[in-house]
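Heads up, the thing below is written out as structure tokens.
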Amino acid sequence: LIVRHGVMLVGSTMTGKTEARECVATALEDMASRGSSDKMARPVHQFIINPKSIFMHELYGQLDVNTNEWKDGHLAIIAKNCVKAAEESNDHSWIVFDGPVDTLWIESMNS
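Counting from 1 along the sequence shown, just add 1039 to a position and that's the residue number in the numbering used here.
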């Protein structure tokens, strides 16, 4: 987590991915509450999205061709909230994509 900005937990349904993520978050929060000097020891705020449950334009946003205005999608709104939260506290903000990995939504992460 110190070296990477993104981490993927990949596996079949019911194999413990969510539990592993929750264990790491809880451990970081427990360390912080006990006064650990470790720089990772901070509260964790998780923003969870199932990218397959919404349309691509709802996830990433889209340009309204009639008004030529951009409308942010859920990811942009959450990312802005994470930036704002980082300015107000030193807490972790995790954006969690909880759902099947699909080329339709994950390829757009590269741009």
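Every residue gets a Cβ at the ideal spot worked out from N, C-alpha and C, and that includes glycine.
Can you name, in chain order, every residue of its own chain whose Cβ lies under 8 angstroms from the Cβ of residue i, other than the five neighbours on each side?
i            : result
residue 1103 : 1109, 1110
residue 1119 : 1111
residue 1054 : none
residue 1101 : 1109, 1110, 1112
residue 1097 : 1112, 1113
Taking the beta strand (DSSP E) that residue i belongs to, which residues open and close that run?
i            : result
residue 1152 : Here the chain comprises residues numbered 1040 to 1150, so residue 1152 is not present and cannot be evaluated.
residue 1145 : That residue, residue 1145, is in no beta strand (DSSP E); its alpha helix (DSSP H) goes 1142–1145.
residue 1131 : 1131–1136
Around the C-beta of residue i, are 16 or more other C-beta atoms found within 10 angstroms, so that it is buried, or is it exposed?
i            : result
residue 1090 : buried
residue 1131 : buried
Please list, in chain order, all residues of the same chain as residue i whose beta carbon is under 7 angstroms from its beta carbon, the five residues on each side excluded.
i            : result
residue 1068 : 1082, 1083
residue 1064 : 1083, 1085
residue 1129 : 1081
residue 1095 : 1143, 1144
Going by DSSP, name the residue or residues bridged to residue i.
i            : result
residue 1100 : 1111
residue 1083 : 1131
residue 1116 : Looking at the DSSP assignment, residue 1116 forms no beta bridge with any residue, so it has no partner.
For a quick check, are the C-beta atoms of residue i and residue j less than 8 angstroms apart?
i            : j            : result
residue 1144 : residue 1086 : no
residue 1135 : residue 1073 : no
residue 1079 : residue 1041 : yes
residue 1092 : residue 1050 : no
What residues in its chain sit with their C-beta under 6 angstroms from that of residue i, if we drop five residues either side in the sequence?
i            : result
residue 1121 : 1132
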